[in-house]
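Everything on this sheet refers to the single structure shown next.
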Amino acid sequence: MSTVNLSKITKQFGSVTAVKNLDLLINEGEFFTFLGPSGCGKTTTLRMIAGFYYPTKGKVLFNDKDMTAVPPEKRNTGMVFQNYALFPHMTVFENVAFGLKVRKLNRTEMKKRVEEVLKKVRLEQYMDRQVSQLSGGQQQRVALARALVIEPDILLLDEPLSNLDARLRDEMRNEILRLQRDYAITTIYVTHDQVEALTMSDRIAVFNMGVCQQIGSPIEIYNEPVNDFVAEFIGETNLLPVIFEEQADKQRVYRTQDLDVSIYVVDEKPHIANYKDSDELVMSIRPEAVQIVGEEKEGENILRGEVSLVQFTGASVHTYVTLENGVTIRTTDLNKGPSIYLQEGKKVNVQLPANQIRVIPKARM
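Here the sequence shown is numbered in my numbering, starting from 9 and rising by one per residue.
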């Protein structure tokens, strides 16, 4: 296993800066995810770790050893590509053994290691089959086996599940995580899928436009986003621009012109992000935190509106409430049966609990 230390990494392609001034330490045995939209710099960063790209500035270190200009074949990393990059004319065994042949391993040891890793990925019965005869999920396991059989210090995965259907993606998420735990290998995973990132990762780095916006555990990233980009990219949220109004005992009061009301927020760290006086501010509240309450309910942050849309997804129900001034708030509740479904056009009150709101700055571009 290795630690990976990216020290003030910048990568430019001509006049385009793909990654800007990235400082990042990935620990031994950690499952670390690069998350962000297309073109945000996450795959470029992965390729600099693999050695396919060299940084324009900065250093790449494995266990404090400078690997910045070391070619890929000398880094002892295993990589799984988005399209798997398998050899269709070869059998499963031949594909998995390819890296060992390049390393000139003797046949007995090669056979032993290939058989062991195929058992790990549960493909030993397909050893002599052509990879072109396998399903997408099976091909993905072959690609994993080929990366693991060389016993790499670091496993790199570049959106390996994007070509699979939804159910198979769920299965393969669990499979990758099981293998990572079995091998206790430092793993760096690239994805644009928030569910993959939240369910698999020890820590996540959220990228946008070449800049790492936030690093933290899935719980930290989801519950304590540092700006509006992270809040909106990780899951669903309701965002409204606000201006600080006053301090009220253990709460801060913000004014939102969109609603023309004062919003009360608990004055504690999880609810108020760090921001400068010059920053534009927004309030973020997750749909599952918004409460639909009876007309007799009194208290702070209660707003009146009308149900404009109800979406049934199976496990949950999304209810959209359009407030009297035209702003729409999304709410989410677990599906507990038809009795909880509201009819479109119904007048309701929604409450934004003060301890569920987070005030954050807009991301600086």
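Built from N, CA and C at the ideal position, the CB exists for glycine as well.
These numbers were taken from a predicted model, which means no experiment stands behind them.
Simplified DSSP assignment, three categories, for residue i
i      : result
Asn182 : helix
Arg263 : strand
Met9   : coil
Val274 : strand
Gly144 : helix
Asn333 : coil
Asn235 : coil
Val219 : strand
Val198 : strand
Ala26  : strand
Ile300 : strand
Asp31  : strand
Asp161 : coil
Ile229 : helix
is_contact[residue i, chain B] using C-beta, thresh 8 angstroms
i     : result
Thr85 : Of the protein chains in the structure, only one exists, and it is not chain B.
Residue j beta carbon less than 8 angstroms from that of residue i
i      : j      : result
Ile196 : Leu69  : no
Ile34  : Leu108 : no
Asp236 : Val290 : yes
Cys220 : Leu350 : no
Pro168 : Val78  : no
Ile310 : Thr339 : no
Ile368 : Pro249 : no
Val358 : Val298 : yes
Ile280 : Thr245 : no
Asn71  : Ser10  : yes
In DSSP terms, what residue i is bridged to
i      : result
Gly224 : Ile212
Gln319 : His326
Asn246 : Ile293
Ala6   : Since the first and last residues shown for the chain are 9 and 373, residue 6 lies out of range.
Arg422 : The first residue shown for the chain is 9 and the last is 373, placing residue 422 beyond what the model contains.
Gly47  : Answer is none; Gly47 lacks a bridge partner.
Ala256 : Gln259
Gly37  : Gly37 pairs with nothing; no bridge assigned.
Glu204 : Paired residues: none, contrary to the question.
Val269 : Thr264
Arg312 : Asn357
Ile251 : Arg263
Cβ-Cβ separation, residue j to residue i (assumed contact under 8 angstroms), whole Å
i      : j      : result
Ala153 : Val125 : 5 angstroms
Lys28  : Thr18  : 6 angstroms
Val318 : Glu352 : 6 angstroms
Leu185 : Gly145 : That belief does not hold up - the Cβ atoms of Leu185 and Gly145 are roughly 15 angstroms apart, past 8 angstroms.
Ile242 : Gly224 : That belief does not hold up - the Cβ atoms of Ile242 and Gly224 are roughly 10 angstroms apart, past 8 angstroms.
Runs of beta strand (DSSP E) lying entirely within the segment 58-134, each at least 3 residues, in chain order | The qualifying runs are 65-70 and 85-88.
Please list the segments of the beta strand (DSSP E) lying wholly inside the segment 335-367, counting only runs of 3 or more residues, in order along the chain.
-> For the segment 335-367, whole beta strand (DSSP E) runs of length 3 or above, ordered along the chain, are 336-342 and 355-359.
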